[in-house]
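Peer 1: Okay, here's the structure, questions in a sec.
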Amino acid sequence: MRRETLLNAAILAGFLALPLWAWMADEPFIITLTTRAAILALAGVGLNLALGLGGLVSLGHAAFFGIGGYAMGVLAFHAQTYTPLTEAPFLIEGTKSMPVIWLVALITSALAALVIGALSLRTSGVYFIMITLAFGQMFYFFMISWPAYGGEDGMSIYLRNGFPGLNTLDPIQFYALCFVLLAGALWLVSRIQHSAFGLALAAARQSPMRVTSVGIRPRSLHLLAFTLSGAITGLAGALFADLNRFVSPTMFSWQTSGEIMVFVILGGVGRLLGPVLGAAIFIAMEHWLDGVSDYWHIYLGAILLGMVLFARGGLIGLIAGREVAHD
Amino acid sequence: MTEPVLQVRGVSKSFGALTANEDVSLDLRPGEIHALIGPNGAGKSTLIAAISGALTPDAGTVHLAGRDLTGLDMAARARAGLGRTFQISALAMEMSVLQNATLGALGGQAFRLFRPVMRDAGLRQVAQSALARVGLQGHARTRTADLSHGQRRQLEVAIALTLAPRAFLMDEPMAGLGLEGTARMTGLLDALRVEAPILLVEHDMDAVFRLADRISVLVYGRIIATGTPAEIRQNPDVRRAYLGEEASP
Ligand SMILES: Nc1ncnc2c1ncn2[C@@H]1O[C@H](COP(=O)(O)OP(=O)(O)OP(=O)(O)O)[C@@H](O)[C@H]1O
Ligand SMILES: [Mg+2]
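Protein chains in written order, with the working numbering: chain C, 3 to 329; chain V, 6 to 254.
Written out as structure tokens, the structure reads:
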């Protein structure tokens, strides 16, 4: 078996074993920490589709994370205050149902990514980074100045949203949901990676001319990749909000975009499990080093610098070696 | 006489003050190899780019099998049946040779997101037979970056083959190939012309005079002569402007 496949299995096994152990040892905090890692990993899996497969360096993925978060926040807020979102032209009520919230988060963040992508993909390189960053900041300041949903303070959701047949207030059950969604997203991305679309997308990253000369437009590929990418990150945002039972404009901040990108770079750009490993290590560092030093970000920065300079494939690349061409 | 497959009419292209193509017209007839020769910087690659849609000419039209391609972009022209190879290889270097060929075999249909593309028997058949024709069948799994320069040229041609185009546009497919590689490529192009005619930009005069049914000579962006190899050899303008002693019998 390939080394990367083994490593991937080990990472996923860790994501199963740790919370299981914590559950048996009655350590709910560890379960919550792992849930946080799984959700942020999902956000990274989304970004990796654009960044890793498509080569689209987006510094605006906080926009989709935030939209997913507010999709949850707004729907749950209206449900807990028994006020409808709108009454005309037809009645839309809030909901506490996770599946509905997820669907809304997926659709709204996909639409936002479609629009932002259509506008941003006219540019490339540094300009693309700057314009995606600008879109993210636009959402951030918009949310801050919109008083209806808490403005700068954000809003609290008192009770975690429900899922049919599960008690989502039980940490291990909520974790199970998040893990299944993460695994599903990984499965989807892996299918995409090996599909005709994935082949063309990767080729467009390496040689746009090649792709164009066989009759495929790189920009259409990029737009679809960006849209799917935004949708996955948006779903992660909805879960993140449900984990914290709180949403605030911070979800839209450029620091959030930066953190999601850190997961991907740390674990390995374009590697299927890269963002998962990256998020796990980020959360671990955040947890352990925060106690040791207030300036743990500096250590993280040093590690990242080392990664970028010496290990282009991130940790996965360091352990499993260069990506092998399939077939 | 039969309708030309490719009709280029009045193509002009300037880069600022520099006129790279000036009122260029040429035809590609069924079954022929039409060589385009000319000194460095004459505008040959510019003309290929204008025909393939990689750049927009200032004036001129392109028709393929009677269809007007003039307003179409490069991807649409490729789907309409223009198979192009590049003077400087444009390949997905991190991918395998077979993956590059499979990309061509998609026929422009890239929006299939779930089926594993490398396990598609139909695509594999197209890709592998194209690789076999250029002599790369033993390198299907090789990483493209590990190919030699000559093998990359062969892969360029193989990808164009997977498109099953109506016309080939080839920009110096023999450049840097060496004796053996050139002989192999010459044999390949010779056989290929019956499938689709080839507009061949080439500096290797031996190959050009061996292969070409007709030759057009481009100098300073203008076609100064078009004719059979024998006519071109005799043409005094061509001898003065370009061929010199090199092509004297
Ligand atoms: N994008 C561009 N911008 C400005 N000038 C260009 C551009 N592309 C080509 N040129 C110029 O146009 C002229 C024709 O270039 P072109 O590449 O078409 O020549 P060529 O006949 O293919 O030469 P060679 O035999 O060296 O490949 C050259 O003087 C070149 O410098
Ligand atoms: Mg040239």
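Virtual Cβ for every residue (Gly too), placed ideally from N, Cα, C.
Note down, in chain order, every chain C residue with its Cβ under 8 Å from the Cβ of R117 (chain V).
Peer 2: Chain C residues near R117 (chain V): S197, A198, F199.
Peer 1: In the DSSP assignment, find the beta strand (DSSP E) that holds A81 (chain C) and state where it starts and stops.
Peer 2: Where A81 (chain C) is concerned, there is no enclosing beta strand (DSSP E), although the alpha helix (DSSP H) it sits in stretches over 64-82.
Peer 1: Any idea what DSSP makes of Q12 (chain V), helix, strand or coil?
Peer 2: It is a strand residue.
Peer 1: Do you know how far the Cα of A150 (chain V) is from the Cα of M211 (chain C)?
Peer 2: Distance between the alpha carbons of M211 (chain C) and A150 (chain V) is about 16 Å.
Peer 1: Express the C-alpha separation of G96 (chain C) and E89 (chain C) in angstroms, rounding to a whole number.
Peer 2: Their backbone Cα atoms lie some 12 Å apart in a straight line.
Peer 1: Is the CB-CB distance between T229 (chain C) and A115 (chain C) below 9 Å?
Peer 2: The answer is yes: Cβ separation under 9 Å.
Peer 1: So R89 (chain V) contacts chain C; which residues on that side make the cut at Cβ distance below 8 Å?
Peer 2: Those are S215, listed as they occur along chain C.
Peer 1: Flag this pair as yes or no: are the beta carbons of Q159 (chain V) and R129 (chain V) separated by less than 9 Å?
Peer 2: No, the pair does not count as a contact, with Cβ atoms beyond the cut-off.
Peer 1: Using a threshold of 8 Å, is the CB atom of K49 (chain V) nearer than that to any non-hydrogen atom of ligand 2?
Peer 2: K49 (chain V) Cβ: within cutoff of ligand 2.
Peer 1: Which of the three DSSP states is assigned to N10 (chain C) in this structure?
Peer 2: Helix.
Peer 1: Spell out a yes or no on whether the stretch 127-146 of chain V and the stretch 231-240 of chain C are touching, meaning 3 or more CB-CB pairs, one atom from each, closer than 8 Å.
Peer 2: Cβ pair count under 8 Å is below three, so no.
Peer 1: Rounded to the nearest angstrom, how far is the Cβ of Y177 (chain C) from that of I267 (chain C), given a contact under 8 Å?
Peer 2: Actually they do not touch by this definition, with Cβ atoms about 26 Å apart.
Peer 1: So who's on the other strand from M211 (chain C), going by DSSP bridges?
Peer 2: Paired residue(s): none; M211 (chain C) is not in a bridge.
Peer 1: Check distances from the C-beta atoms of the stretch 218-245 of chain C to those of chain V and list, in chain order, the residues that come in under 9 Å.
Peer 2: Within the stretch 218-245 of chain C, the residues whose Cβ lies closer than 9 Å to some Cβ of chain V are I218, R219, P220, S222, L223, L226, L230, listed in chain order.
Peer 1: Assign P277 (chain C) to one of two classes, buried (16 or more other C-beta atoms within 10 Å of its C-beta) or exposed (fewer than that).
Peer 2: Classification for P277 (chain C): buried.
Peer 1: Are there any heavy atoms of ligand 1 lying less than 8 Å away from the beta-carbon of A25 (chain V), as far as the coordinates show?
Peer 2: It does: the Cβ of A25 (chain V) is within 8 Å (strictly closer) of some heavy atom of ligand 1.
Peer 1: What are the start and end residues of each continuous alpha helix (DSSP H) run of 4 or more residues lying completely inside the stretch 105-193 of chain C, in chain order?
Peer 2: DSSP runs (the alpha helix (DSSP H)) wholly in the stretch 105-193 of chain C: 128-146.
Peer 1: Can we say the stretch 91-103 of chain V touches the stretch 200-214 of chain C, given the rule of at least three CB pairs closer than 8 Å?
Peer 2: Yes, the stretch 91-103 of chain V is in contact with the stretch 200-214 of chain C.
Peer 1: Can you confirm whether P254 (chain V), when its beta carbon is compared against all beta carbons of chain C, has any partner nearer than 9 Å?
Peer 2: A caution first: P254 (chain V) carries a pLDDT of 40, below 50, which makes its placement in the model too unreliable to give a value.
Peer 1: Taking buried to mean at least 16 other C-beta atoms within 10 Å of its own C-beta, is I218 (chain C) buried or exposed?
Peer 2: By the 10 Å Cβ count, I218 (chain C) comes out buried.
Peer 1: Between the stretch 14-21 of chain V and the stretch 171-190 of chain V, do at least 3 Cβ pairs fall closer than 8 Å?
Peer 2: Output reads no: the stretch 171-190 of chain V does not touch the stretch 14-21 of chain V.
Peer 1: Establish whether the CB of A107 (chain C) and some CB of chain V are separated by less than 9 Å.
Peer 2: False, the Cβ-Cβ gap to chain V never drops below 9 Å.
Peer 1: Using a Cβ-Cβ cut-off of 9 Å, state whether L108 (chain V) counts as contacting chain C.
Peer 2: By this cut-off, L108 (chain V) is an interface position.
Peer 1: Rank C:M132, C:M253, C:G186 by C-alpha distance to the C-alpha of L14 (chain C) and give the top, closest one.
Peer 2: The shortest Cα separation from L14 (chain C) among C:M132, C:M253, C:G186 belongs to C:G186.
Peer 1: Can you give me the start and stop residues for the beta strand (DSSP E) that L55 (chain C) sits inside?
Peer 2: Here L55 (chain C) belongs to no beta strand (DSSP E), and DSSP marks it neither H nor E.
Peer 1: Touch check for the stretch 136-151 of chain C and the stretch 241-256 of chain C: three-plus C-beta pairs under 8 Å?
Peer 2: Segments in contact, yes.
Peer 1: Classify H80 (chain C): buried if its beta carbon has 16 or more other beta carbons within 10 angstroms, exposed otherwise.
Peer 2: That one is buried.
Peer 1: Taking just the CA atoms, how far does F91 (chain V) sit from E161 (chain V)?
Peer 2: Taking the straight line from one Cα to the other gives about 7 Å.
Peer 1: From F183 (chain C) to G48 (chain C), what does the alpha carbon distance come to, in whole angstroms?
Peer 2: It is worth fixing the name first, because residue 183 (chain C) is Leu in this sequence and not Phe. Approximately 12 Å between the Cα atoms of the pair.
Peer 1: Would you tell me roughly how many angstroms separate the C-alpha atoms of L42 (chain C) and M287 (chain C), rounded to the nearest one?
Peer 2: Distance between the alpha carbons of L42 (chain C) and M287 (chain C) is about 14 Å.
Peer 1: Output yes or no for whether 9 Å exceeds the beta carbon distance between G56 (chain C) and S231 (chain C).
Peer 2: Yes; because the gap between Cβ atoms is below 9 Å, this pair is in contact.
Peer 1: Can you pull out the residues from the stretch 199-212 of chain V whose beta carbon lies closer than 9 Å to at least one beta carbon of chain C?
Peer 2: Flagged: no residues at all.
Peer 1: Mark D73 (chain V) as exposed unless 16 or more other C-beta atoms lie within 10 angstroms of its C-beta, in which case mark it buried.
Peer 2: D73 (chain V) comes out exposed.
Peer 1: Please name the residue, chosen from C:V59, C:R193, C:L44, that lies closest to I133 (chain C) on a Cα-to-Cα basis.
Peer 2: The option with the nearest alpha carbon to I133 (chain C) is C:V59.
Peer 1: Flag V5 (chain V) as yes when its Cβ comes closer than 8 Å to any non-hydrogen atom of ligand 2, and as no otherwise.
Peer 2: Nothing about residue 5 (chain V) can be reported from this structure: the residues present for chain V run from 6 to 254 only.
Peer 1: Would you say the beta carbon of Q92 (chain V) is closer than 8 Å to some non-hydrogen atom of ligand 1?
Peer 2: Indeed, a heavy atom of ligand 1 lies less than 8 Å from the Cβ.
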